[in-house]
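**Student:** Have a look at this one.
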Amino acid sequence: MTSSTDTDEHPEVAEISALTEGLLSPSRAVDVRTHLASCVLCADVSTSLEEIRSLLGTLPGPVRMPADIAGRIDAALAAEALLDATAPEAVADVSRETPDPDPAPTPVSRETVDDAPASDTVRPLSKSSTATDRPAGRPRGATGPGRGSTGPGARPGRSRRWPKVVLGGACAAAVIGIGSFFIQGGSSGDHGDPGTQAHASQSSGNSTLSSGTLKDRVHELLADRKSTASNGVTGQGNSPDVPLRADDDPNVPSCVQSGTGRKEPALAAQQDTYDGQTAYIVVLPHPSDSSLVDAFVIDASCVSASPPSPGELLVTRTYPRP
């Protein structure tokens, strides 16, 4: 055994175990014993291995199988052996339309001329029946050549194909059903998700605002956010203490947030046009009165400004919550 030690020159646990089993070479065994005599850690490992070995030696042997279970197993094996013994006869009964692989003189002689000697009729017909699948003109071949091969395994092979066809059809139907379910779920989710409609309204509402219409727009944004949040949280009514935001806060650029001078998350936000100038409307909760909100209109040019700087505050108003 090749010796292997770590950086402290301690023998590995495998080497200590091999020493107790007498598997190390004489020279290596002397080295390991010398190390164990001077190393408390390795000596403790050797003692632990001896304790484990003694505990394993005291474990009970395998429990004998109960007699009733052994009897059931023997009965099952006997039944299986009986089925295997009767299987060839069942196959022979099924394949009545195929020629007998073991030529028998009695059934062959009945299909031939009756006045011919038995020995003369059996031999030629047995050779022809084994050489070809089924000669033309025989009564037993009246089903037509469309039946294909008539070997001993022809009917079992055809019967095995039916489960495969049925299983394939069932799998195809399952795949089609699951696919239609996901398609319907995806289409209904796209048309009915309020969160999607809210984000679409934030990105597409580019109508011109003014100081006179700002209040109405703020109320519209809060109503949209409140309806979105109510879909995820039920039973809380329209109390002013209910947060008017969905699972995700509105997307507000950092420079626009800095322009408000506030750090709390926005209740609603939307890019719009204010007095002909592209701007962001940011709605924040009032710091002291929960029934009020603060609306900020911030110049949107700070988003593309370099170097970054806080957005210019165009107007700020305080309105009651809708």
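Everything in the sequence shown is counted per the working numbering, starting at 65 for the first residue and increasing by one.
Where is the CB? At the ideal position from N, CA and C, for every residue including glycine.
Over what stretch of residues does the beta strand (DSSP E) that includes Ala332 continue unbroken?
**Tutor:** Run containing Ala332: 332 to 338, per the beta strand (DSSP E) assignment.
**Student:** Would you mind stating whether Ile345 and Ala364 have Cβ atoms separated by less than 8 Å?
**Tutor:** Cβ atoms of Ile345 and Ala364: not closer than 8 Å.
**Student:** Can you give the beta carbon distance from Glu328 to Pro349, rounded, assuming they're within the 8 Å contact cut?
**Tutor:** Sure, about 7 Å apart at Cβ, within 8 Å.
**Student:** Using three-state DSSP, classify Asp353 as helix, strand or coil.
**Tutor:** If DSSP states are grouped into helix, strand and coil, Asp353 belongs with coil.
**Student:** In the DSSP assignment, find the unbroken alpha helix (DSSP H) run with Leu88 in it and report its ends.
**Tutor:** No alpha helix (DSSP H) holds Leu88; DSSP gives it neither H nor E.
**Student:** Taking just the CA atoms, how far does Ala82 sit from Gly121?
**Tutor:** In a straight line, the C-alpha of Gly121 is about 17 Å away from that of Ala82.
**Student:** Which word fits Thr389, buried or exposed, when buried means at least 16 other C-beta atoms lie within 10 angstroms of its C-beta?
**Tutor:** Beyond the ends of the chain as shown, which are 65 and 386, falls residue 389; an answer cannot be given.
**Student:** So, using beta-carbon positions, are Pro384 and Ser322 closer together than 8 Å?
**Tutor:** Not in contact: Pro384 and Ser322 (Cβ atoms no closer than 8 Å).
**Student:** Relative to the alpha-carbon of Glu284, which residue among Val127, Glu115, Ile240, Ala333 has its alpha-carbon at the smallest distance?
**Tutor:** Residue Ala333 is the option with its Cα nearest to Glu284.
**Student:** Between Val361 and Ala343, is the Cβ-Cβ spacing less than 8 Å?
**Tutor:** Yes, these two residues count as a Cβ contact at 8 Å.
**Student:** Where does Ser173 sit, in a helix, a strand or coil, going by DSSP?
**Tutor:** Legend: pLDDT at Ser173 = 47, less than 50; position of this residue unreliable, value from coordinates given subsequently. Helix.
**Student:** Go ahead and pull the three-state DSSP assignment for Thr277.
**Tutor:** If DSSP states are grouped into helix, strand and coil, Thr277 belongs with coil.
**Student:** Exposed or buried, Cys106, counting other C-beta atoms within 10 Å across all chains shown (16 or more means buried)?
**Tutor:** With 16 or more Cβ atoms within 10 Å of its Cβ, Cys106 is classed as buried.
**Student:** Check the DSSP bridge columns for Gln321 and list the partner residues they point to.
**Tutor:** According to DSSP, Gln321 bridges with nothing at all.
**Student:** Alpha carbon to alpha carbon, how far is Leu119 from Glu79? Give it in angstroms, no decimals.
**Tutor:** Taking the straight line from one Cα to the other gives about 20 Å.
**Student:** Given that a residue counts as buried once 16 or more other Cβ atoms are within 10 Å of its Cβ, and exposed if not, what is Thr292?
**Tutor:** Under this definition Thr292 is a buried residue.
**Student:** If you count every other CB in all the chains shown that lies within 10 Å of the CB of Lys228, and 16 or more means buried, which is it?
**Tutor:** Per the 10 Å Cβ criterion, exposed.
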